[in-house]
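The structure under discussion appears below in the form of structure tokens.
Structure follows, in structure tokens:
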């Protein structure tokens, strides 16, 4: 299937990734039958695939959204189709993917901070009990166990933040700055779509912009809690 053919996937995140690849000049070989593989995308036409970047797209499975983001990163970093001009809609979809990654990163950082604060409070309470009464050993053990669990949750949230912010390709690690960048980028996407012909894809992008700006407002409310 050439870049001029319509490619579709039952999962919306892969449908967006395929649209982005098609706009960047990629080709697609649809798999036959009803197996787990949906098809294979190539950055070059069928007669020139010895040096082509390629990506196998699955029909179903866990981690589909992460796989779709990985596919979009491969398309962006492909060294072969550098002269191809990506359409406004496809570029808006890619930019919105970064905005969503920024928000995931900011949310994970806020969660890490909350877990760290809860852990510190539990450690303080355990220390206070040890000072006040020597017979509170069982309660102290419970507090310490809960505090260590909170620390583990904080580490997991930090790792999730690094993964999302790596996808967004940003050095920022302050939640407020991340949300400011996300909101600015979302507004840019919104503006870029104003002159685009209305279609299912454009409507979907506009819906995602509205949803992500609602998420940004919600996360901003948590900044000073």
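Residue numbers (the working numbering): 112 to 336. We put the CB at the ideal spot given by N, CA and C, even for glycine.
Simplified DSSP state of residue i, which is helix, strand or coil
{"i": "residue 163", "result": "coil"}
{"i": "residue 330", "result": "helix"}
{"i": "residue 285", "result": "coil"}
{"i": "residue 118", "result": "coil"}
{"i": "residue 303", "result": "helix"}
{"i": "residue 198", "result": "coil"}
{"i": "residue 310", "result": "coil"}
{"i": "residue 208", "result": "helix"}
{"i": "residue 157", "result": "helix"}
{"i": "residue 280", "result": "coil"}
{"i": "residue 146", "result": "coil"}
Candidates the options: closest to residue i by CA position
{"i": "residue 128", "options": "209, 191, 143 and 159", "result": "209"}
{"i": "residue 122", "options": "202, 234, 176 and 166", "result": "176"}
{"i": "residue 251", "options": "273, 178, 240 and 156", "result": "240"}
{"i": "residue 211", "options": "277, 303 and 131", "result": "277"}
{"i": "residue 333", "options": "206, 223 and 143", "result": "223"}
{"i": "residue 216", "options": "198, 171, 264 and 290", "result": "290"}
{"i": "residue 267", "options": "303, 226 and 155", "result": "226"}
{"i": "residue 236", "options": "293, 218 and 258", "result": "258"}
{"i": "residue 256", "options": "270, 275 and 232", "result": "232"}
{"i": "residue 90", "options": "133, 138, 311 and 120", "result": "Limits of the chain in this structure are 112 at one end and 336 at the other, which puts residue 90 out of reach."}
{"i": "residue 213", "options": "203, 286 and 143", "result": "286"}
{"i": "residue 299", "options": "281, 308, 262 and 321", "result": "321"}
{"i": "residue 292", "options": "271, 319, 323 and 140", "result": "323"}
Residue span of the alpha helix (DSSP H) that contains residue i, given as start and end
{"i": "residue 138", "result": "No alpha helix (DSSP H) contains residue 138, which is instead part of the beta strand (DSSP E) from 138-141."}
{"i": "residue 72", "result": "Because the chain here runs from 112 to 336, residue 72 falls outside it and cannot be looked at."}
{"i": "residue 123", "result": "123-134"}
Residue i - partner residues in DSSP beta bridges
{"i": "residue 151", "result": "140 and 167"}
Near the ligand ATP: residue i beta-carbon under 8 Å from a heavy atom
{"i": "residue 165", "result": "Among the components of this structure there are no ligands whatsoever, and the ligand ATP is therefore not found."}
Q. Which whole runs of the alpha helix (DSSP H) in the region 214-266 are 4 residues long or more, in chain order?
A. none
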